[in-house]
Amino acid sequence: MSKFKNIFRIVLLGLILFSCNTSKPGNTNTNPKPTEFRIGVESTKEAKEFYSWTSDRIPLVSAHRGGPYPGFPENALETFQNVIEHTPSIIEFDVALSKDSVLVLMHDNTLDRTTNGSGKVIDHTFEEIRKLKLVDNEGKETDFQVPTLEEALIWGKGKVLFTVDIKREVPFEMVVEAIKKYQAEAYAAVITYSVDAAKKVHSLHPDLMLSVTIRNEEELKRFEESGIPVEQWIAFTGTSERSPEFNTKLHEMGVFTILGVLGNLDKSAVARGDQLYVDFVKDGADILATDRPIEAAEAIKSLIPEKSSKSKYFEIK
Numbered sequence: 000m001s002k003f004k005n006i007f008r009i010v011l012l013g014l015i016l017f018s019c020n021t022s023k024p025g026n027t028n029t030n031p032k033p034t035e036f037r038i039g040v041e042s043t044k045e046a047k048e049f050y051s052w053t054s055d056r057i058p059l060v061s062a063h064r065g066g067p068y069p070g071f072p073e074n075a076l077e078t079f080q081n082v083i084e085h086t087p088s089i090i091e092f093d094v095a096l097s098k099d100s101v102l103v104l105m106h107d108n109t110l111d112r113t114t115n116g117s118g119k120v121i122d123h124t125f126e127e128i129r130k131l132k133l134v135d136n137e138g139k140e141t142d143f144q145v146p147t148l149e150e151a152l153i154w155g156k157g158k159v160l161f162t163v164d165i166k167r168e169v170p171f172e173m174v175v176e177a178i179k180k181y182q183a184e185a186y187a188a189v190i191t192y193s194v195d196a197a198k199k200v201h202s203l204h205p206d207l208m209l210s211v212t213i214r215n216e217e218e219l220k221r222f223e224e225s226g227i228p229v230e231q232w233i234a235f236t237g238t239s240e241r242s243p244e245f246n247t248k249l250h251e252m253g254v255f256t257i258l259g260v261l262g263n264l265d266k267s268a269v270a271r272g273d274q275l276y277v278d279f280v281k282d283g284a285d286i287l288a289t290d291r292p293i294e295a296a297e298a299i300k301s302l303i304p305e306k307s308s309k310s311k312y313f314e315i316k
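Right, dumping it as structure tokens:
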């Protein structure tokens, strides 16, 4: 991939710029010290403010499974780091459970696809899993190990916002307890797939931000009746584009929208051009959950407002 041709600009009180020397994945970074594009949210109050929709909001990408690229496997801390050396990003990752009840980052129920091991995650101890090497999406073995949830929470503090996808066999209580232990409530939102799941997580920690699935009026009504305050919703609107009118309705309620462009919409952007990402944001998507976070962020940079009330949360280190 070639280097970025344009200055990737986020006007964050006139101070934060994307470097035109930032390299695309696969190239060697010639900077002696990589730049980090950080998002810093320090309290649950700030989290609610950050995710409260305003017309001057800064459109963002969410790196699906951490944003894997060649040489950078999914759900790896090194992969997270690679993404934020190119763009500010929300990092989405998956939490699974080992045989001895250690929370690890893993999407699949088995180890076969993403490591050089095999078998079910739940049938292996953490010590066994830790000995394995992660494999990237092209099947190439790396030197990276499977991280724990605790390691991810420690790494992410002051750097990124997380959305935490909890696998079916993992008790919500364990994940929420880890978030509490590492005081990660400000930057770790929990993904839920039903009203009941959202209510369960909300009962465990009433201040957590929740990613909730709202794809139509019926689902919206259910959440309005759920008792979960609207200021704690981040609305995942599905993996196909919603109408601008539906997005506007959520915006009028103060709710950020996440459009899942991962999968077919990302493939459409590869085939038809990255201008598609611009169109999605213009039609009301605030966050693009994508398998191509670096390319999508580059595409939507022109939509970043010159002044934003959200700019205080962004920093270059």
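Position 66 (the sequence shown) corresponds to 65 in numbering that gives the first Met the number 0; numbering is contiguous. Where is the CB? At the ideal position from N, CA and C, for every residue including glycine.
C-alpha distance - residue i paired with residue j, whole-angstrom precision
| i | j | result |
| --- | --- | --- |
| Ala185 | Ser307 | 20 angstroms |
| Gln274 | Lys139 | 31 angstroms |
| His63 | Phe92 | 7 angstroms |
| Pro187 | His106 | In the sequence on display, residue 187 carries Ala and not Pro. Near 17 angstroms, if we compare the C-alpha coordinates of His106 and Ala187. |
| Asp135 | Glu224 | 42 angstroms |
| Asn246 | Thr256 | 7 angstroms |
| Ser301 | Pro228 | 33 angstroms |
| Lys248 | Leu209 | 19 angstroms |
| Arg56 | His123 | 44 angstroms |
| Leu287 | Lys119 | 31 angstroms |
| Thr78 | Pro72 | 6 angstroms |
| Ile90 | Gln80 | 10 angstroms |
| Val194 | Ser100 | 27 angstroms |
| Glu314 | Gln182 | 21 angstroms |
| Lys316 | Glu217 | 43 angstroms |
| Ile303 | Ser54 | 11 angstroms |
| Val163 | Ile190 | 6 angstroms |
| Leu110 | Val211 | 28 angstroms |
| Arg112 | Gly262 | 18 angstroms |
| Glu305 | Glu251 | 22 angstroms |
| Arg241 | Arg221 | 18 angstroms |
| Trp154 | Phe161 | 11 angstroms |
| Lys198 | Tyr192 | 11 angstroms |
| Asp276 | Ser88 | The residue asked about is misnamed: residue 276 is Tyr in this sequence, not Asp. The straight-line gap from Cα to Cα measures roughly 15 angstroms. |
| Ser117 | Val159 | 31 angstroms |
| Ala196 | Leu203 | 11 angstroms |
| Val82 | Thr238 | 22 angstroms |
| Ala284 | Gly226 | 25 angstroms |
| Asn74 | Leu258 | 20 angstroms |
| Asp377 | Asn215 | Residue 377 lies beyond the stretch modelled for the chain, which goes from 0 to 316, so this question has no answer here. |
Own chain residues within Cβ distance below 8 angstroms of residue i, not counting five before or after
| i | result |
| --- | --- |
| Lys132 | Thr114, Asn115, Glu140, Thr141, Asp142, Phe143, Gln144 |
| Ile121 | Ala95, Leu96, Ser97, Lys98, Asn108, Glu168 |
| Lys180 | Glu149 |
| Lys309 | Phe49, Thr53, Asp55, Arg56, Ile57 |
| Val174 | Val94, Leu102, Leu148, Val163, Ile165, Val189 |
| Val280 | Pro58, Leu287, Ile299, Leu302 |
| Lys47 | Met208, Glu230, Gln231 |
| Val200 | Phe171, Val175, Val189, Thr191, Leu207, Leu209 |
| His86 | What sits at residue 86 in the sequence shown is Thr, not His. Around Thr86: Phe7, Phe17, Phe36, Val60, Pro292, Ile293, Ala296, Glu297. |
Spatial neighbours of residue i in its chain, beta-carbon cut-off 6 angstroms, leaving aside the 5 residues before and after
| i | result |
| --- | --- |
| Val146 | For the record, residue 146 in the displayed sequence is Pro; it is not Val. Closer than 6 angstroms at the Cβ level, and outside the excluded window around Pro146, lie Leu76, Leu104. |
| Phe49 | Val40, Tyr312 |
| Gly13 | Here the model assigns Gly13 a pLDDT of 40, short of 50, so the residue's position is not dependable and the matter cannot be decided. |
| Leu152 | Tyr181, Ala183 |
| Val260 | Leu287, Thr289 |
| Val60 | Ser88, Leu287, Thr289, Pro292, Ala295, Ala296 |
| Asp282 | Pro243 |
Residues that residue i bridges to, as DSSP identifies them
| i | result |
| --- | --- |
| Asp93 | Asp164 |
| Ala62 | Ile90, Thr289 |
| Tyr68 | Phe71 |
| Ile38 | Phe313 |
| Ser51 | Val254 |
| Phe235 | Thr212, Ile257 |
Same chain, Cβ closer than 7 angstroms to residue i, five either side skipped, listed in chain order
| i | result |
| --- | --- |
| Ser42 | Ala185 |
| Glu294 | Asp273 |
| Met51 | One detail in the question is off: residue 51 reads as Ser in this sequence, not Met. Contacts found: Glu230, Gly253. |
| Asp206 | Thr43, Glu184 |
| Gly377 | No statement about residue 377 is possible, as the shown extent of the chain runs from 0 to 316 and does not include it. |
| Asp265 | Thr289, Asp290, Arg291 |
| Leu219 | Ile213 |
| Ala177 | Leu102, Leu148, Glu149, Leu152 |
| Glu137 | Pro69 |
| Glu45 | Ala185 |
Residue i CB to nearest heavy atom of the ligand ATP below 7 angstroms
| i | result |
| --- | --- |
| Ser117 | This structure lacks the ligand ATP; in fact it carries no ligand of any kind. |
Query raised in the report: Do the stretch 121-131 and the stretch 64-72 make contact, defined as three or more Cβ pairs closer than 8 angstroms?
Result: no
Requested in this report: Any chance you could list the alpha helix (DSSP H) runs of at least 4 consecutive residues sitting entirely within the stretch 178-206, in chain order?
Outcome: 194-203
Query raised in the report: Is the stretch 264-274 in contact with the stretch 218-234, if contact means three or more CB pairs nearer than 8 angstroms?
Result: no
**Report entry** Ordered list of beta strand (DSSP E) runs contained in the stretch 241-303, each at least 3 residues
**Finding:** 255-259, 286-289
Query raised in the report: Whole alpha helix (DSSP H) runs in the stretch 101-146 with 4 or more residues, listed along the chain?
Result: 125-129
Report task. Return the chain-ordered ranges of every alpha helix (DSSP H) run that is complete within the stretch 202-233 and spans a minimum of 4 residues. Result -> 216-223
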